[in-house]
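Be aware that the sequence shown starts at 1, since it is given in full-length UniProt numbering, and climbs by one per residue.
The structure appears below as structure tokens.
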Amino acid sequence: QRSTTMKHPTVAAVDQLLVQAHESADRLDLRTAITLCRQACDADTSSAEALDALSEFCLQAGETDEAMRALQKSVKLAPDGGSGRFMYLGQLSTGADALRWFERGISTLRTEREQLESTSGSRDELHAQWVASSQALAAALCTVAEVYLTDACDEPDAETACEALATEAMQLISSLDNQSLPEPYQTMASLRLSQQRVAEAAPLVMRALEITDALDATPQQPSLEMRTALAKLLMEVERPADAFELLQALRMEDDESLELWYLLCCAAQQAGELDAAHAELEQAVQFAQGPTCPPEEQEWRATLEELLTAVEQERGERVARGDEAVPTSRKRLSERSSS
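Laid out in structure tokens, this is it:
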């Protein structure tokens, strides 16, 4: 009885610390949130919940080493816990270690989804949980497929594994009434492009764009990184005008990213909008040379200057030819207006 009486204040104190940590994170005060989580972990060294919260806020703050340690401790304390920990560990790891963590995460997601079949509750509630579980599993499958497309592309069975993962992800979401997950379409498009099957990739990319546009300004809106990847795919399937439009919106979200600025200029150049590309490049280079440019963005300066030189040369050649070719974006607009 004495041990039980002494345990309750500790649990209550840890719970209160975690509540305060989440409130701090909601106010974007990650430093305080991390400090409170550390206090919770010290107060109860067996709390996987406190470790999970600590890892979450550390990841948001870019403290990846501490996040990794917290996640590894959490997995040891609660090996049958949530799948998110394994997926995070996969993202923080490399090579075979990453694949092993991802496989554990996918296995856990499959189990969670199967358990819903025997769960009681209202029909609407269970359907919502089923949709969320299917989307989570599909997104996880895409994450691993992308690893086989990049870091693990030299593995003997990389293409076969990627094909299986991307196909399963597509099957999972194809049965859903409301399509709100562009990842499977983007992943399958990336695979088809790697296989030089551009004609098959193009409609997949356009479907991903359709879904992404529908999710604009909603809580389900894909991450900036996911939408940046989509812009690159649009250029690969020769839809530069769509990429340019998407990248303009992305630059409004992050106006200090020289990568986004560079991609915007590439899309403009590919679309034939050389004047727009030139104007954007001059501004980008000026920003890169200025004191307000973040140090981590400076590596893009030489690439931007190189592209500026190429665009200036292309503009000069067009003037010399007397070429007044209609840019791709204007062609697309005229096609829409006549249809």
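Don't be surprised by glycine CBs; every beta carbon is placed ideally from N, CA and C.
Note that the coordinates shown come from a computational prediction; the quantities given were computed from them, not determined experimentally.
Along the chain, where does the alpha helix (DSSP H) containing P184 start, and where does it finish? Residue 184 sits at position 184 when you count from the first residue of the sequence shown. It spans 183-194 - the alpha helix (DSSP H) in which P184 sits, taken as one unbroken run.
Short check: CB of M68 to CB of L51, under 9 angstroms? Counted from its first residue, the sequence shown places residue 68 at position 68. Counted from its first residue, the sequence shown places residue 51 at position 51. Taking 9 angstroms as the Cβ cut-off, M68 and L51 do not qualify as a contacting pair.
Given this structure, state the Cα-to-Cα distance separating Q72 from R301, to the nearest angstrom. Sequence index remark: in the sequence shown, residue 72 carries index 72 (1-based). Sequence index remark: in the sequence shown, residue 301 carries index 301 (1-based). So the two alpha carbons sit approximately 39 angstroms from each other.
Quick check on the DSSP output: what are the complete alpha helix (DSSP H) runs of length 4 or more inside the region 239-296, in order along the chain? 240-253, 258-270, 274-289
Can you tell me whether DSSP reads P222 as helix, strand or coil? For the purposes of this step, residue 222 is taken as the residue at position 222 of the sequence shown. The answer is coil: DSSP assigns P222 none of H, G, I, E or B.
Kindly list the residues whose CB is nearer than 6 angstroms to the CB of A61, restricted to its own chain and excluding five residues on each side of it in sequence; keep chain order. Counted from its first residue, the sequence shown places residue 61 at position 61. Cβ within range, chain order: L30.
T143 beta carbon less than 9 angstroms from that of M226: Taking the first residue of the sequence shown as position 1, residue 226 is located at position 226. Taking the first residue of the sequence shown as position 1, residue 143 is located at position 143. Going by C-beta atoms, M226 is not nearer than 9 angstroms to T143.
How do the region 164-182 and the region 123-138 stand: do at least 3 beta-carbon pairs fall below 8 angstroms, yes or no? yes
Going by the beta-carbon positions, is the gap between G105 and R85 smaller than 9 angstroms? Here the question's residue 105 lines up with position 105 in the sequence shown. Here the question's residue 85 lines up with position 85 in the sequence shown. Going by C-beta atoms, G105 is nearer than 9 angstroms to R85.
If contacts are defined as beta-carbon pairs under 8 angstroms, then L234 and A243 qualify, I think. What distance do you get, rounded to the angstrom? As a position in the sequence shown, residue 234 is number 234, starting the count at 1. As a position in the sequence shown, residue 243 is number 243, starting the count at 1. Sure, about 4 angstroms apart at Cβ, within 8 angstroms.
Alpha carbon of T212 to alpha carbon of P222, nearest angstrom: Within the sequence shown, numbered from 1, the residue matching residue 212 stands at position 212. Within the sequence shown, numbered from 1, the residue matching residue 222 stands at position 222. Taking the straight line from one Cα to the other gives about 7 angstroms.
Unbroken alpha helix (DSSP H) run spanning L116, endpoints: Along the sequence shown, one-based indexing puts residue 116 at 116. It is not in any alpha helix (DSSP H) - L116 carries neither H nor E in the DSSP assignment.
DSSP state of residue 340 mapped onto helix, strand, coil: As shown, the chain starts at 1 and ends at 339. That puts residue 340 outside it, with no answer to give.
Expected contact under 8 angstroms - CB spacing of E280 and A288 to nearest Å: One-based indexing of the sequence shown puts residue 280 at position 280. One-based indexing of the sequence shown puts residue 288 at position 288. Rounded, the Cβ-Cβ distance is 12 angstroms, inconsistent with contact.
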